[in-house]
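Single-structure report; data block below.
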Amino acid sequence: MDRESYEKYLLAGEIVDKVKKIVYEKVKVGVSILEICEFVESEIKRLGGQPAFPCNVCVNDIAAHYTALPEDRTKIPKDSIVKVDIGVHVDGFIVDTAFTKYFSPRFKGLSDIARESLEKAVEIIRDGVKVKSVSEAIEKTITAAGFMPIEDLSGHQLKQYNLHAGINIPNVARIAPNYKLKEGEVYAIEPFATLNGLGKVIEGDLKPICCVLKTFTLCKLSPIEKIMLNNLHERFRTLPFAIRWIKASKAKLKILDKLARKKLVYCYPVLIEARRGFVSQCETTVVVKKNGCEVLSEIL
């Protein structure tokens with residue numbers, strides 16, 4: 166990795182940690198999810214970065230991909246467990262991080278185990294370590310505590326303007342790729358654990374986040390479809406964006422749906438634990454080094 170890229174990763178990490186520490190205190194029972202999301206995203210920009218994806222605020226059995234909808238009135242409920250996932254990029258160099266906060270003592274163990282399994286994984290990451298070994302560290306830590314890892318959610322390689330850049334780091338060893346981490350590579354490591362769950366996720370009906378897959382197609386596009394696709398790519402490249410960011414009218418949503426059906430845009434469904442089990446998450450981003458790794462975002 167060249168020096169300029171490395172420094173941009175460091176800056177993204179500094180920004181995301183400043184935002185994360187503030188928002189951790191803001192996440193409270195009765196607070197609006199829209200308020201949390203808008204605060205995170207505006208604060209990232211104020212500090213000189215850009216959101217790498219919409220702020221995710223996932224409550225209880227919702228594991229991933231929930232961001233506030235336009236005019237969302239959902240609030241953090243009592244006795245809940247809440248995951249907040251935040252990404253910052255500086256010129257496309259991404260740091261991805263997440264924490265869990267709980268509002269009932271019964272979730273302490275579930276919250277703690279996501280963090281502990283992340284710490285165990287980070288301890289062994291270095292040049293040449295097998296992805297399977299990292300996944301095994303996560304899985305064993307979670308299962309030894311009596312919880313279950315979510316097997317179809319994974320950590321992932323990061324590259325410039327690419328949030329999921331090829332190599333995944335699953336939370337269970339048996340589906341880990343046959344790959345050894347290399348010095349200079351960057352990964353988001355994110356264990357998910359569940360209480361009373363199946364260890365898998367299902368897709369919900371809501372799709373509040375989308376991304377542009379490509380701008381070239383042999384499909385015939387109307388002029389307005391071309392304009393919208395090009396505008397989205399100009400603003401976000403291939404990084405995820407929120408429906409609320411584009412101030413989507415019903416007409417715009419219809420065009421977005423047409424682009425999705427033509428496989429030019431992908432809209433992420435909210436992911437829910439398959440047995441409606443409660444879910445925790447903890448995440449940081451690391452740079453693989455020869456004899457270890459550099460953590461770019463503080464683990465909360």
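Each residue of the sequence shown is one higher than the last, beginning at 166 in the numbering used here.
Note that CB positions come from ideal geometry on N, CA and C, so glycine has one too.
Predicted model, so just to flag it, every value in this text is computed and none were measured.
Item	Value
Assumed close pair residue 249, residue 220 - CB separation to whole angstroms, cut-off 8 Å	7 Å
Cβ-based burial, residue 354 [other Cβ within 10 Å; buried from 16]	buried
Nearest-angstrom Cα separation, counted from residue 315 out to residue 295	20 Å
Alpha-carbon to alpha-carbon, residue 246 and residue 443	7 Å
Residue of 320, 425, 278 minimising C-alpha distance to residue 310	278
Residues bridged to residue 335 [DSSP beta-bridge criterion]	319
Local Cβ density within 10 Å of residue 384, reported as buried at 16 or more and exposed below that	exposed
Contact test: residue 212 Cβ vs the ligand SAM heavy atom, cutoff 6 Å	Ligands are entirely absent from the displayed structure, and the ligand SAM is therefore not among its contents.
Of the listed residues 224, 223, 205, nearest to residue 216 (C-alpha basis)	205
Nonlocal neighbours in the same chain, by C-beta distance under 7 Å from residue 273, ignoring five residues either side	267
Own chain, CB closer than 8 Å to residue 287, minus 5 neighbours either side, in chain order	354, 449, 451, 458, 460, 464
For residue 223, the nearest candidate out of 210, 394, 253, 192 (CA to CA)	192
Residue 446 versus residue 322 - alpha carbon distance	17 Å
Nearest to residue 262 (by Cα), restricted to the options 225, 276, 352, 330	352
Segment contact flag, the stretch 371–381 with the stretch 394–403, C-beta cutoff 8 Å, min 3 pairs	yes
Minimum C-alpha distance to residue 171 - residue among 258, 427, 280	258
Identity of the residue in 304, 169, 324, 207 nearest residue 340 by Cα	304
Beta strand (DSSP E) segments (min. 3 residues) lying fully within the stretch 377–409	none
Residues near residue 281 in its chain [Cβ-Cβ closer than 8 Å; skip 5 each side]	306, 310
Among 183, 214, 226, 265, nearest to residue 368 - alpha-carbon criterion	226
Segments assigned alpha helix (DSSP H), at least 4 residues, entirely inside the stretch 175–246	198–211
Beta-carbon proximity of residue 374 to residue 230, cut-off 7 Å	yes
Helix, strand or coil at residue 171 according to DSSP, with G and I counted as helix	helix
Residue 345 - partner residues in DSSP beta bridges	295
Integer Cβ distance of residue 438 from residue 363, believed to fall under 8 Å	7 Å
Simplified DSSP state of residue 367, which is helix, strand or coil	strand
DSSP-derived helix/strand/coil call for residue 418	helix
Backbone CA spacing between residue 420 and residue 390 [nearest angstrom]	6 Å
Which residues DSSP lists as bridging residue 353, in chain order	321, 450
Within 7 Å, strictly: CB atoms of residue 244 and residue 276	no
Euclidean distance between Cα positions of residue 422 and residue 357	30 Å
Sub-7 Å separation of residue 199 and residue 233 beta-carbons	yes
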